[in-house]
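K.L.:
Numbering (our numbering), first residue to last: 74 to 541.
We put the CB at the ideal spot given by N, CA and C, even for glycine.
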Ligand code: URP
Ligand code: ZN
Ligand code: ZN
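1) Identify the residues that DSSP records as bridge partners of residue 277: which are they?
2) State the start and end residues of the unbroken beta strand (DSSP E) segment that holds residue 341.
3) Report yes or no: is there a C-beta of chain D within less than 9 Å of the C-beta of residue 235?
4) Relative to the C-alpha of residue 98, which candidate in 445, 531, 513 and 518 has its C-alpha closest?
5) With a 10 Å radius around its C-beta and 16 neighbouring C-beta atoms as the bar for buried, classify residue 501 as buried or exposed.
6) Specify whether the stretch 252-263 and the stretch 227-234 touch according to this definition: at least 3 beta carbon pairs, one from each stretch, less than 8 Å apart.
7) Have a look at residue 298 and residue 77 and give me their C-alpha separation to the nearest angstrom.
8) Less than 8 Å between the CB atoms is what I'm expecting for residue 324 and residue 295, so what's the real figure, rounded?
9) Apart from the five residues just before and just after residue 351, which ones in its own chain have a Cβ nearer than 8 Å to its Cβ?
10) By the DSSP assignment, the alpha helix (DSSP H) with residue 287 in it spans what residues?
11) Could you give the first and the last residue of the continuous alpha helix (DSSP H) run that contains residue 245?
12) Which class does residue 488 belong to by DSSP, given the choice of helix, strand or coil?
13) Taking 8 Å as the cut-off, is the beta-carbon of residue 230 closer than that to any non-hydrogen atom of ligand 2?
14) DSSP three-state call for residue 395: helix, strand or coil?
15) Alpha carbon to alpha carbon, what distance is there between residue 458 and residue 379?
16) I believe residue 427 touches residue 524 by the beta-carbon criterion, under 8 Å. Please report the beta-carbon distance rounded to the nearest angstrom.
17) Could you give the residue range of the alpha helix (DSSP H) that holds residue 357?
18) Using a Cβ-Cβ cut-off of 6 Å (strictly less than) and excluding sequence neighbours within five positions of residue 134, which residues of its own chain qualify?
19) For my contact list, residue 208 and residue 251 are in at a C-beta cut-off of 8 Å; report their separation, rounded to the angstrom.
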């Protein structure tokens with residue numbers, strides 16, 4: 074078999090560590106070398122394909138560590154399949170996702186993981202791994218956690234929210250954390266006090282407060298902060314690392330900051346919706362606010378500054394999407410007259426790299442920090458680095474040619490996610506994906522999809538690479 078060689082010429086290579094005016098040689102699906110433009114080394118490279126990246130950025134493919142393709146939730150199923158969702162991810166410059174397999178109550182981790190493998194197998198346009206949602210902590214579940222870590226499913230999401238669905242009480246959480254402390258697993262926590270929230274939900278509905286905006290009010294910021302604090306203390310007691318998912322409240326960021334100042338292995342993720350949207354969207358007229366119902370909920374605008382600051386100071390380390398799309402017609406409208414019946418989740422897997430680049434354009438973060446929070450850190454956090462998340466010799470050639478000057482208007486008319494609305498409809502952003510390679514193979518070529526379902530490979534993961 075002949076080895077394909079591709080050279081990306083003339084671009085600005087940006088990684089979490091460096092910005093380099095360099096050409097990139099790709100051989101056999103991996104980065105083979107980088108060399109300065111016009112250097113003798115680069116001039117000597119022969120190639121089957123040359124990609125001209127003049128005036129463009131050459132960046133690692135995005136790593137989205139939090140997606141829910143075809144997830145059954147809230148009486149319906151997330152509308153992107155692994156096929157449509159990973160295609161849309163590629164359009165947005167993401168080349169790896171880590172999705173959540175689900176243990177059903179009474180079921181084993183193994184059968185949950187098997188069914189997620191069956192959904193994803195031969196469907197994905199880009200590479201993928203799995204976290205495991207633990208909804209039923211039993212002696213057997215705890216033993217299974219050890220096996221999964223060995224197999225490359227090295228992180229376990231638990232819920233302090235959603236009583237009767239995914240919820241675990243503090244005792245169950247503590248037991249799972251103790252096991253993770255011993256086997257190297259990373260506990261990912263949905264930190265909201267679901268028991269208290271359910272009381273507020275019932276009170277709101279009884280008082281006739283049924284519109285989508287009440288979803289934001291009953292899921293109080295203090296109940297996110299309280300659960301974040303409690304999760305951190307449980308992790309300390311267990312001696313386990315902890316990763317808080319979808320942080321939206323500034324009070325929760327403060328809990329993370331305090332924990333990190335103590336030197337704890339505590340990490341935080343936020344999502345573009347919390348950086349760019351707010352309770353103003355939840356309060357849009359009619360039933361429009363349902364488009365923005367997710368948990369943790371959108372917060373008042375003031376919280377955005379604290380989240381951006383947390384990203385700058387590394388009190389928050391990762392931006393993932395929590396992509397969990399439900400169509401407005403036929404899914405979100407299940408909650409007309411009762412906000413608690415609106416399926417929780419928002420689309421965004423296609424928008425993350427562009428929205429974070431807009432953060433660069435707006436002066437919120439640097440270019441290298443953009444790549445760090447969207448590519449390198451999620452790869453390290455979830456045991457995929459340096460294969461994913463960087464452009465360096467030996468890494469998988471997951472490479473995006475990004476035009477930092479192109480303007481676009483986000484819209485459901487033009488996006489590729491299988492959902493009938495855009496949470497960012499009409500928003501103008503600067504910067505756009507032009508070409509995407511996955512392991513050296515073109516998936517998007519000059520804004521044409523040339524990928525295929527089944528190119529994406531299941532990628533077992535190592536343990537978190539940040540533990541101190
Ligand atoms: O609203 C959300 N976030 N839906 C997906 C499930 C979860 O809690 O991440
Ligand atoms: Zn969650
Ligand atoms: Zn989620």
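P.N.:
Reading off the structure:
1) Counted from its first residue, the chain shown places residue 277 at position 204. Residue pairing of residue 277 in beta bridges, as defined by DSSP: absent, with no partner found.
2) The residue given as residue 341 occupies position 268 in the chain shown. Unbroken beta strand (DSSP E) run through residue 341: 339-343.
3) Note that chain D does not occur in the displayed structure, where there is just one protein chain.
4) Residue mapping note: residue 98 aligns to position 25 of the chain shown, counting from 1. It is 513.
5) Here residue 501 is taken as the residue at index 428 of the chain shown, counted from 1. So residue 501 counts as exposed.
6) Judged by Cβ distances under 8 Å, the stretch 252-263 makes contact with the stretch 227-234, as three or more pairs qualify.
7) Translated into positions along the chain shown, residue 298 becomes position 225. Translated into positions along the chain shown, residue 77 becomes position 4. Computed Cα separation, rounded: 51 Å.
8) Reading the chain shown from its first residue, position 251 is the one you call residue 324. Reading the chain shown from its first residue, position 222 is the one you call residue 295. Cβ atoms of residue 324 and residue 295 come within 8 Å of each other, at about 6 Å.
9) One-based indexing of the chain shown puts residue 351 at position 278. So the list reads 371, 372, 373, 374, 376 and 377, once near-sequence residues are dropped.
10) Mapped onto the chain shown, residue 287 falls at position 214. 286-291 is the extent of the alpha helix (DSSP H) around residue 287.
11) The residue labelled residue 245 in the question sits at position 172 within the chain shown. Per DSSP, residue 245 is one residue of the alpha helix (DSSP H) stretching across 243-256.
12) For this step, residue 488 is matched to residue 415 along the chain shown. Annotated three-state conformation of residue 488 is coil, per DSSP.
13) By one-based count along the chain shown, residue 230 stands at place 157. Residue 230 Cβ: within cutoff of ligand 2.
14) Along the chain shown, one-based indexing puts residue 395 at 322. In the three-state scheme derived from DSSP, where H, G and I count as helix and E and B as strand, residue 395 is classed as coil.
15) The count along the chain shown starts at 1 and reaches residue 379 at position 306. The count along the chain shown starts at 1 and reaches residue 458 at position 385. Distance between the alpha carbons of residue 379 and residue 458: 28 Å.
16) As a position in the chain shown, residue 427 is number 354, starting the count at 1. As a position in the chain shown, residue 524 is number 451, starting the count at 1. Contact between residue 427 and residue 524 fails: their C-beta atoms lie close to 19 Å from each other, not under 8 Å.
17) Counting from one through the chain shown, the residue named residue 357 turns up at place 284. Unbroken run through residue 357: none, as it is neither H nor E.
18) Numbered from 1 along the chain shown, position 61 holds the residue referred to as residue 134. These residues qualify, in order along the chain: 168, 471 and 473.
19) Residue 208 sits at position 135 when you count from the first residue of the chain shown. Residue 251 sits at position 178 when you count from the first residue of the chain shown. The beta-carbon separation of residue 208 and residue 251, rounded to 18 Å, does not stay under the 8 Å limit for a contact.
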